[in-house]
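Okay, so the sequence shown: first residue is 1 according to UniProt numbering, each after it adds one.
Ideal placement from N, C-alpha and C gives every residue a C-beta, glycine not left out.
The model shown is predicted, which means the values in this text are computed figures rather than measured ones.
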Amino acid sequence: METPDADLVKRCLGGESDAFAELIARYKRLIYNIIYNMINNREEINDIAQEVFIRIYKSLDKYNPEYKFSTWSVKIATNYCLDILRKKKIEAIPIDEAIGVSSNLGTPEEDYLKKEKRERINYELSKLPDKYRIPLILFHKNGLSYEEISQVLNEPMSIIKNRLYRARLMLKEVLSSERKEGIL
Numbered sequence: 001m002e003t004p005d006a007d008l009v010k011r012c013l014g015g016e017s018d019a020f021a022e023l024i025a026r027y028k029r030l031i032y033n034i035i036y037n038m039i040n041n042r043e044e045i046n047d048i049a050q051e052v053f054i055r056i057y058k059s060l061d062k063y064n065p066e067y068k069f070s071t072w073s074v075k076i077a078t079n080y081c082l083d084i085l086r087k088k089k090i091e092a093i094p095i096d097e098a099i100g101v102s103s104n105l106g107t108p109e110e111d112y113l114k115k116e117k118r119e120r121i122n123y124e125l126s127k128l129p130d131k132y133r134i135p136l137i138l139f140h141k142n143g144l145s146y147e148e149i150s151q152v153l154n155e156p157m158s159i160i161k162n163r164l165y166r167a168r169l170m171l172k173e174v175l176s177s178e179r180k181e182g183i184l
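Here you go:
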């Protein structure tokens with residue numbers, strides 16, 4: 001039977017490094033996905049993940065076991081990535097499925113067109129304000145629920161739902177006008 005996260009945290013606080021290694025093993029993939037989807041820079045992922053896990057370790061005494069450890073650790077990862085984005089203004093990855101761009105292509109020509117569309121969507125997504133872009137990434141790329149995004153971003157769930165709706169609308173508007181003009 002798997003040891004509950006709260007018990008592992010207690011053991012970490014008691015000095016057991018094996019307990020933290022187990023937490024890392026459980027959530028490494030989730031944290032890496034958050035970082036990749038927000039930063040989209042493969043060269044930096046390991047360094048950023050290492051810093052996130054250091055921050056998680058240093059903050060273990062602040063963890064409230066009433067909440068899911070995964071949500072709490074995602075919040076730390078997201079906040080750190082937001083800091084990096086603010087400093088570097090890195091483009092985030094697009095959510096083509098959320099705005100209705102099909103990704104079922106196969107020939108080299110179709111793959112090239114898909115890549116062009118993805119780059120255009122990336123560009124448009126990067127122009128969205130953080131308050132719209134980040135919830136979109138967390139929901140569609142990382143599979144977080146409205147409630148989890150609400151906790152991670154410290155915003156009411158109604159605000160999160162509204163921002164997701166508006167973000168999708170903004171992307172659809174820009175991309176549909178470009179389709180009409182023949183750009184996409």
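Closest by C-alpha distance to residue i, when choosing among the options
i      : options                           : result
Arg133 : Tyr63, Lys117, Cys81 and Asp18    : Cys81
Ser158 : Val152, Ala167, Glu147 and Arg168 : Glu147
Tyr67  : Pro135, Ala6 and Ser145           : Ala6
Ser177 : Gln50, Cys12, Gln151 and Ile121   : Ile121
Arg26  : Ile48, Asn162 and Thr3            : Thr3
Asn142 : Asn64, Tyr36 and Glu16            : Tyr36
Leu60  : Leu13, Glu22, Lys161 and Lys127   : Leu13
Arg166 : Lys115, Glu110 and Pro129         : Pro129
Leu153 : Glu119, Arg55 and Pro135          : Pro135
Reduced DSSP secondary structure (H/G/I, E/B, other) of residue i
i      : result
Asn79  : helix
Ser176 : helix
Asn162 : helix
Glu2   : coil
Ser145 : coil
Leu13  : helix
Glu97  : For Glu97, the pLDDT reaches just 47, beneath the cut-off of 50, and the residue's location in the model is therefore unreliable, although a value from the coordinates is still provided. Looking at Glu97 - three-state DSSP - the assignment turns out to be helix.
N-terminal and C-terminal residue of the alpha helix (DSSP H) that residue i is part of
i      : result
Pro135 : Asp130 to His140
Pro108 : Pro108 to Lys127
8 Å contact criterion, which residue i and residue j should meet: CB distance rounded
i      : j      : result
Phe139 : Leu164 : 6 Å
Tyr57  : Ile45  : The Cβ separation is near 18 Å, so there is no contact.
Ile137 : Met38  : 6 Å
Leu85  : Leu125 : With 8 Å as the limit, Leu85 and Leu125 do not qualify as a contact, their Cβ atoms being about 12 Å apart.
Ile34  : Thr71  : Contact doesn't hold; Cβ gap of about 11 Å is too wide.
Ala19  : Leu30  : Their Cβ separation, rounded to whole angstroms, is 18 Å, which puts Ala19 and Leu30 out of contact at 8 Å.
Glu53  : Ile24  : For clarity, residue 53 is Phe in the given sequence; the question names Glu instead. So it is a contact: roughly 6 Å between Cβ atoms.
Gln151 : Lys62  : Contact flag wrong, Cβ pair sits at about 14 Å.
Q: Let me know the alpha helix (DSSP H) ranges lying completely inside the UniProt domain "RNA polymerase sigma-70 region 2" (23-89), each 4 residues or longer, listed in chain order.
A: Segments of the alpha helix (DSSP H) lying fully in the UniProt domain "RNA polymerase sigma-70 region 2" (23-89): 42-58 and 69-88.
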